[in-house]
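Trainee:
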Amino acid sequence: MIENAMNKPEPSTANNIATDNGQNLPENTLVRPTLIALDRTELGAALVQIDVKDKQVRMRVNQLWNGLYARGLTDLSELHTISKDLRQKLIKKHTIERPHIVTEQISNDGTRKWLLRFKSDIPGKPGPEAEMVYIPEETRGTLCISSQVGCTLNCRFCHTGTMPLVRNLTADEIVGQVMLARDRLGDWPLIEADDKSGLPDSRRMITRLVFMGMGEPLYNFNHVKKASGILSDDAGINLSRRRITLSTAGVVPQMHQAGAEIACMLAVSLHATNDKLRDKLVPINRKYPLKELMQACRDYPGLSNARRITFEYVMLDGINDSIQDAKALVQLLKGIPAKINLIPFNPWPNSPCQCSDWAQIERFADIINDAGYASPIRRPRGRDIMAACGQLKSESERISNRERKKLLED
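Spelled out as structure tokens, the structure:
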């Protein structure tokens, strides 16, 4: 039995491993373009620019790909499968730097949270910041990554929704999150973790990737698509597309495209069974109401009992947790191969909601289970470091509306 969910944030007793007040910014991030997340054609073009002969390009691309994504090199000088001269040319022109760690925290339950700083878009100012979370399990590990800095959706129960949208993360920044997590966890072949404090006794591999961090991934479709292609490539990081889950609040026009072009698993942030309530909890529902959302789910490419949609449902006391709500949820999803993930509300400072009573959550789950749906109750993880579902938020540099508009246009 899982312990009853608390209705206020727990005091943090986490181990703070790394901190940075913004004074030590990574050098040259605006000078040298990164090689991370370039596809093979783009890597080939970069090699041609440093005078690699055409007949050697394919071989050099494969060597670079192996070094970056199979071996996890953090420094181009370590790429000894190419000549010293070519390494120096690459180092002069390009970087393979990961995002910059501002803070790294370890929860009492082993969950890790990183606050990451990305490249600056405004000269002389620190770059924007987003959070990433690693959840170790007994036989697997889940990495929760961000696709945007901030969010526009303003979901009532979500801490990230209280942030403005600063900008989309680029494909290299998305892939860089996974590479950085692998660096920190020692999850590369033949490369030891640089810091094992706080990790479970046995080594934890990243076996599952979820776009459930900060931001709405379907509002950053092109970069998410490109990053997913790099991460699932079988000659590198090699995460199966069935091990990659994209969570959306219901951006209906891009859902079919995501299934067809990214071919990942889909999670839908649902949280209500009627438009009146969902309009309040998930305001995007006013644009794409439940009827359109449910049809988009039924039309999702590859949908089957083997590839079910996960519907996420946060349990809010007195708001959406009644027995009638449970029965309405069963009816709403009728005919859709689905799993229903019940999420005890995770509180954050000044949050307007309370978590449902645990006995009520179990009664709710019983009704769904009796209807034939798998309905696991998500065990809260990382609450003491504000790393649980719905708690992520960074303190990114405030920028003017004019600056933000220009960044989003770019």
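For the sequence shown, my numbering gives the first residue as 53, with consecutive numbering after it.
Heads up, the beta-carbon is just placed ideally off N, CA and C, and yes, glycines get one too.
1) Pick from A324, C349, C207 and K343: whose alpha carbon is nearest that of A312?
2) Which runs of the beta strand (DSSP E), 3 residues or longer, sit entirely within the region 369 to 395?
3) Figure out for me which residue from K171, T259 and L261 has the closest Cα to the Cα of R219.
4) How is the alpha helix (DSSP H) around F273 delimited, first residue to last?
5) Throw me the rounded Cβ distance for the I88 and D224 pair, which I believe falls under 8 Å.
6) Please state the DSSP three-state secondary structure of G193.
7) Express the C-alpha separation of P241 and K145 in angstroms, rounding to a whole number.
8) Label M111 either buried or exposed according to how many other C-beta atoms from any shown protein chain fall within 10 Å of its C-beta, with 16 as the threshold for buried.
9) In angstroms with no decimal places, state the Cα-to-Cα distance between G354 and A315.
10) So is the beta-carbon of A287 under 6 Å away from any non-hydrogen atom of the ligand SAM?
11) Where does the unbroken beta strand (DSSP E) through L318 begin, and where does it stop?
12) Would you call the region 334 to 348 and the region 362 to 371 touching, i.e. three or more CB-CB distances under 8 Å?
13) Label Q383 either buried or exposed according to how many other C-beta atoms from any shown protein chain fall within 10 Å of its C-beta, with 16 as the threshold for buried.
14) For E94, count neighbouring Cβ atoms within 10 angstroms of its own Cβ and tell me buried if that reaches 16, exposed if not.
15) At which residues does the alpha helix (DSSP H) containing Q115 begin and terminate?
16) Measure the beta-carbon distance from A52 to L195 and round it to whole angstroms, keeping in mind my assumption that it falls under 8 Å.
17) Assign H211 to buried or exposed, taking buried as 16 or more other Cβ atoms, counted over all protein chains shown, within 10 Å of its Cβ.
18) Considering only residues of the region 109 to 176, which uninterrupted beta strand (DSSP E) runs meet the minimum length of 3 residues and lie entirely inside it, listed in chain order?
19) Between the beta-carbon of I153 and the beta-carbon of W166, is there less than 7 Å?
20) By alpha-carbon positions, which one of R84, R123 and N206 ends up nearest to R330?
21) Roughly how far, in whole angstroms, is the beta-carbon of V230 from the beta-carbon of I197, given that I think they are within contact range, below 8 Å?
22) Q200 and L221 look like a contact to me (Cβ under 8 Å); what is the Cβ gap, rounded to whole Å?
23) Check M231 in the structure and name its three-state DSSP category.
24) Cα-Cα, which of N272, C407, W410 and K332 is closest to Q306?
25) Expressed to the nearest angstrom, what Euclidean distance is found between the alpha-carbon atoms of A287 and W117?
26) K386 to Y425, Cα distance in whole Å?
27) Should V276 be labelled buried (16 or more other beta-carbon atoms within 10 Å of its own) or exposed?
28) Helix, strand or coil for G424? Go by DSSP, reduced to three states.
29) Specify the secondary structure class of A182 as computed by DSSP and reduced to three states.
Mentor: Inspection of the coordinates gives the following:
1) Working through the sequence shown from its first residue, we reach residue 312 at position 260. Checking every option, the nearest Cα to that of A312 belongs to C349.
2) none
3) Taking the first residue of the sequence shown as position 1, residue 219 is located at position 167. Per the Cα distances, K171.
4) For the purposes of this step, residue 273 is identified with residue 221 of the sequence shown, where counting begins at 1. Segment F273 to S284, the alpha helix (DSSP H) holding F273.
5) Position 36 of the sequence shown holds residue 88. Position 172 of the sequence shown holds residue 224. Contact flag correct, Cβ pair sits at about 4 Å.
6) Counting from 1 along the sequence shown, the entry for residue 193 is found at position 141. The DSSP-derived three-state label of G193 is strand.
7) Residue numbering aside, residue 145 sits at position 93 when the sequence shown is read from its first letter. Residue numbering aside, residue 241 sits at position 189 when the sequence shown is read from its first letter. When rounded, the distance between both Cα atoms is 27 Å.
8) Taking the first residue of the sequence shown as position 1, residue 111 is located at position 59. Looking at its Cβ environment, which holds fewer than 16 other Cβ atoms inside 10 Å, M111 is exposed.
9) In the sequence shown, residue 354 corresponds to position 302, counting from 1. In the sequence shown, residue 315 corresponds to position 263, counting from 1. So the two alpha carbons sit approximately 8 Å from each other.
10) In terms of ligand content, the structure shown is empty, and the ligand SAM therefore cannot be addressed.
11) Position 266 of the sequence shown, counted from the first residue, corresponds to residue 318. It spans M317 to S321 - the beta strand (DSSP E) in which L318 sits, taken as one unbroken run.
12) no
13) Here residue 383 is taken as the residue at index 331 of the sequence shown, counted from 1. Looking at its Cβ environment, which holds fewer than 16 other Cβ atoms inside 10 Å, Q383 is exposed.
14) As a first step, residue 94 is located in the sequence shown; it is residue number 42 there, counting from the start. Exposed, because fewer than 16 other Cβ atoms sit within 10 Å of the Cβ of E94.
15) On the sequence shown, residue 115 is found 63 positions in, with the first residue counted as 1. Following the DSSP letters along the chain, one finds Q115 inside the alpha helix (DSSP H) bounded by residues D106 to W117.
16) This structure cannot speak to residue 52, because the chain is shown only from 53 to 462.
17) Here the question's residue 211 lines up with position 159 in the sequence shown. The residue in question, H211, is buried, as its Cβ has 16 or more Cβ neighbours within 10 Å.
18) 152 to 158 and 164 to 169
19) Taking the sequence shown and counting its residues from 1, one reaches residue 153 at position 101. Taking the sequence shown and counting its residues from 1, one reaches residue 166 at position 114. Yes, they are a contact pair.
20) Taking the sequence shown and counting its residues from 1, the one referred to as residue 330 is at position 278. Looking at R84, R123 and N206, the one whose alpha-carbon comes closest to that of R330 is N206.
21) Along the sequence shown, read from residue 1 onward, the residue named residue 230 stands at position 178. Along the sequence shown, read from residue 1 onward, the residue named residue 197 stands at position 145. Confirmed, about 7 Å.
22) Counting from 1 along the sequence shown, the entry for residue 200 is found at position 148. Counting from 1 along the sequence shown, the entry for residue 221 is found at position 169. Sure, about 6 Å apart at Cβ, within 8 Å.
23) Taking the sequence shown and counting its residues from 1, the one referred to as residue 231 is at position 179. Correct three-state label for M231: helix.
24) Along the sequence shown, read from residue 1 onward, the residue named residue 306 stands at position 254. The residue with the shortest Cα to Cα distance from Q306 is N272.
25) The residue you call residue 287 lines up with position 235 of the sequence shown. The residue you call residue 117 lines up with position 65 of the sequence shown. When rounded, the distance between both Cα atoms is 8 Å.
26) In the sequence shown, the residue the question calls residue 386 occupies position 334. In the sequence shown, the residue the question calls residue 425 occupies position 373. Those two C-alpha atoms are separated by around 10 Å.
27) By one-based count along the sequence shown, residue 276 stands at place 224. So V276 counts as buried.
28) As a working mapping, residue 424 is identified with position 372 in the sequence shown. Coil.
29) Along the sequence shown, one-based indexing puts residue 182 at 130. Correct three-state label for A182: strand.
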